[in-house]
Amino acid sequence: MEFLSAISDGQFLAIAGAAIAALFAGMGSAKGTSIAGQAAAGVVTEDPSKFGQLLVLQLLPGTQGLYGFIIAFLILSKAGIIGGEAIPTASQGFQLLAAGLPIGLVGYVSGIYQGKAAAAGVGIVAKKPEELGKAITFAAIVETYALLGLLVSFLAYNGITVG
Amino acid sequence: MAQQKIYPYAVARIRVLEKNLLSKHTLNQMADEKEVESCLRTLTEYGYESVPEGNVREFEKVLSAELNKTYAVIRELVPEENFINIFLYKNDYQNLKVLLKEEVSKTDGSKYIVQGGTQPVEKLKKAILERNYIDLPEIMAEAIAEALELYSKTQSGQMIDIALDRGAFRQMTEAAKKSNNPFAIGYTARVCDLTNLKSFLRMRHMNKDFAAFMNVFAEGGSISSSVFFGAYGTDNPSEHFKATDYSQIFEDGYEKGFTEFEKLCDDFLMEYVKSAKYIALTLEPLIAYLYAKEAEIKTVRIILTSKLNHISSEIIKERVRETYV
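So the protein lines, in turn, are chains C and D.
Okay, so the first sequence: first residue is 1 according to my numbering, each after it adds one.
Okay, so the second sequence: first residue is 1001 according to my numbering, each after it adds one.
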């Protein structure tokens, strides 16, 4: 019984929501920046002068991790873990948990796929450095969906009243 | 569909190296040069080694060094992948031909030995000398045994070539299967088909019978021997290849003679390989780069040899193949 009451504790559920947002979005970004980074390293091995341009492409899939972090931070502060006084009830905890899901899951998937698009963009820059803008655009389109995930997470978070 | 492994680093490096491939434009310019020396200078600009002063006839060493450099890069990039063997086995079989002929004719063929095979030449030499093929790949062992047996029956050096060529294509097809890469498998199937089409033309031209053609038939292609059988005796073989992927080659090249036909075959293969240009993460661009480099070196060899033999630029240009870039 103690276990059941522990996992239906409002604060615990809120932490779980924050963890999902930070965990999965962070993993997506780690994978994405790694794929893009490997491709960038391939080009820099042959042509070190392209480092600056390629760094932009590598950074693009890194934003998902940041979004996940923001949502996690907001959830934790609303749940009274960092600052704040109100302690969420069990049902409010579940609401905060649900709010963490969009950016967590979309961040994970879009991070990886954005990394692949960025790696393909690295191929463009390898041959035609003047087309960096186009390479960035292709990868940035994937960003849209991470942003939408962030937006839904934020709207949900914003609508939850704790206390 | 099973997920293919991705190689962002390797593909990106190849993308940069592709910039050093010679374009058709550059090759045509080389064909236009008056001096062989200027051609060789162009090559050094694109990363080839330079030929020692006054030794233009040594260019073969430069080409072979360049090819080995390419093999080394691919090996370094994807040491765990084995598709490179598809390209290397033909060097082994070339060496086997030289070694076996050396043995039966007691002559020195060492200048025809090539580097870059999967097996060290010394190992091949020892295996042939001791008639012990236990350390060689199975198909290779069978091919050597068959070559020696056919030779002892016919006393014809040509039979050695025939047996080993057959082995080489079998080995190549097997290597492609082992690589598990659909692009590599498609590549070898096309190589086999095109080889058969060229043999078909050559054999018919020499008025050989169908049995002679079947002797040099390479297994592993998509056109079965029965299609060739149907086309062999007819006056208009193009009809029989209408349903295959190669109908265009026949339409454009059948009347124009063997040199042109061979060029169309090379261009056809290049067209297939070019599809890898737009793949960003998987192995295909590496396979394509290997082929592109081999094709480039082949064209450079045609240009340099023609130049040394004072063939006119116009004729050389007609022989310049499509390029990857």
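By construction, the Cβ of each residue, glycine as well, lies at the ideal position given by its N, Cα and C atoms.
So residue i and residue j are in contact, right, with Cβ under 8 angstroms, and what is the actual spacing, rounded?
| i | j | result |
| --- | --- | --- |
| residue 1299(D) | residue 1027(D) | 6 angstroms |
| residue 1160(D) | residue 1141(D) | That belief does not hold up - the Cβ atoms of residue 1160(D) and residue 1141(D) are roughly 15 angstroms apart, past 8 angstroms. |
| residue 1008(D) | residue 42(C) | 7 angstroms |
| residue 1259(D) | residue 1021(D) | Rounded, the Cβ-Cβ distance is 24 angstroms, inconsistent with contact. |
| residue 1311(D) | residue 1030(D) | The pair is not a contact, with the Cβ atoms about 13 angstroms apart (cut-off 8 angstroms). |
| residue 1280(D) | residue 1288(D) | Not a contact, Cβ separation roughly 13 angstroms. |
| residue 72(C) | residue 54(C) | Incorrect: roughly 29 angstroms between the Cβ atoms, too far for contact. |
| residue 1320(D) | residue 1024(D) | 6 angstroms |
Which bits of chain C does residue i rub up against, with CB to CB less than 9 angstroms?
| i | result |
| --- | --- |
| residue 1153(D) | Here the premise fails: no neighbours, minimum Cβ distance about 53 angstroms. |
Interface residues of chain D around residue i at Cβ under 7 angstroms?
| i | result |
| --- | --- |
| residue 38(C) | 1008, 1009 |
| residue 122(C) | 1012 |
| residue 41(C) | 1009 |
Would you decide whether residue i is buried or exposed? Buried here means 16 or more other CB atoms lie within 10 Å of its CB.
| i | result |
| --- | --- |
| residue 971(D) | Nothing about residue 971(D) can be read from this structure; chain D reaches only from 1001 to 1325. |
| residue 1296(D) | buried |
| residue 1209(D) | exposed |
| residue 1223(D) | buried |
| residue 1086(D) | buried |
| residue 1054(D) | exposed |
| residue 1091(D) | buried |
| residue 156(C) | buried |
| residue 1301(D) | exposed |
| residue 1213(D) | buried |
| residue 1048(D) | buried |
| residue 35(C) | buried |
| residue 1248(D) | exposed |
| residue 1129(D) | exposed |
| residue 88(C) | buried |
Only counting the same chain, and skipping five residues up and downstream in sequence, which positions put a Cβ closer than 8 angstroms to that of residue i?
| i | result |
| --- | --- |
| residue 1135(D) | 1123, 1127 |
| residue 1001(D) | Note that residue 1001(D) has pLDDT 43, beneath the 50 cutoff, so the model's placement of it is unreliable and the number below is only indicative. For residue 1001(D), where only same-chain residues beyond five positions count, there are no Cβ hits under 8 angstroms. |
| residue 1044(D) | 1050 |
| residue 1139(D) | 1167, 1170, 1171, 1174 |
| residue 1058(D) | 1051, 1052 |
| residue 1251(D) | 1238 |
| residue 56(C) | 132, 136 |
| residue 1101(D) | 1107, 1109, 1157, 1160 |
Listing by chain order, which chain D residues have their CB less than 9 angstroms from the CB of residue i?
| i | result |
| --- | --- |
| residue 45(C) | 1009, 1012, 1013, 1016 |
| residue 116(C) | 1006, 1008, 1280, 1281 |
| residue 119(C) | 1006, 1008, 1011, 1012, 1280, 1281 |
Once the 5 residues before and after residue i are set aside, which same chain residues still bring their CB inside 6 angstroms of it?
| i | result |
| --- | --- |
| residue 1192(D) | 1169, 1218, 1220, 1221 |
| residue 158(C) | none |
| residue 32(C) | 61, 111, 112, 114, 115 |
| residue 1306(D) | 1316 |
| residue 1071(D) | 1116 |
| residue 94(C) | 13 |
| residue 1293(D) | 1070 |
Keeping to the same chain, check which residues put their C-beta closer than 7 angstroms to that of residue i; ignore five residues upstream and five downstream.
| i | result |
| --- | --- |
| residue 1004(D) | 1282 |
| residue 146(C) | 63, 64, 67, 106, 107, 110 |
| residue 1196(D) | 1217, 1218, 1221, 1223, 1228 |
| residue 1075(D) | 1084 |
| residue 51(C) | 44 |
| residue 1164(D) | 1093, 1096, 1097, 1143, 1147 |
| residue 144(C) | none |
| residue 1014(D) | 1285, 1286, 1289 |
| residue 1010(D) | 1077, 1078, 1286 |
| residue 104(C) | 20, 21, 23, 24, 25, 68 |
| residue 1039(D) | 1030, 1033, 1303, 1304, 1307 |
Just to make sure I have the definition right: I need the residues of chain C whose C-beta is within less than 8 angstroms of the C-beta of residue i. Which are they?
| i | result |
| --- | --- |
| residue 1019(D) | 126, 127 |
Using the beta-carbon of each residue, which ones in chain D are nearer than 8 angstroms to residue i?
| i | result |
| --- | --- |
| residue 35(C) | 1006, 1008, 1281 |
Item to check | Ranges of the beta strand (DSSP E) found wholly within the segment 1123-1157 of chain D, counting only runs of at least 3 | outcome: none
Next on the checklist: Could you tell me which whole alpha helix (DSSP H) segments of length 4 or greater appear in the segment 1034-1072 of chain D?
Outcome noted: 1036-1045
Item to check | Length-filtered (4 minimum) alpha helix (DSSP H) runs lying within the segment 1080-1127 of chain D | outcome: 1084-1105
Checklist entry - What are the uninterrupted segments assigned as beta strand (DSSP E) that are 3 or more residues long and contained completely in the segment 1200-1235 of chain D, given in chain order? => result none
Checklist entry - Along the chain, which unbroken stretches of the alpha helix (DSSP H) at least 4 residues long are found entirely within the segment 1242-1315 of chain D? => result 1247-1253, 1258-1274, 1284-1308
Item to check | Start-end ranges of the alpha helix (DSSP H) lying completely within the segment 72-131 of chain C, minimum 4 residues | outcome: Runs found: 90-127.
Checklist entry - Going along the chain, which unbroken runs of the alpha helix (DSSP H) with 4 or more residues stay wholly within the segment 37-78 of chain C? => result 51-59, 63-78
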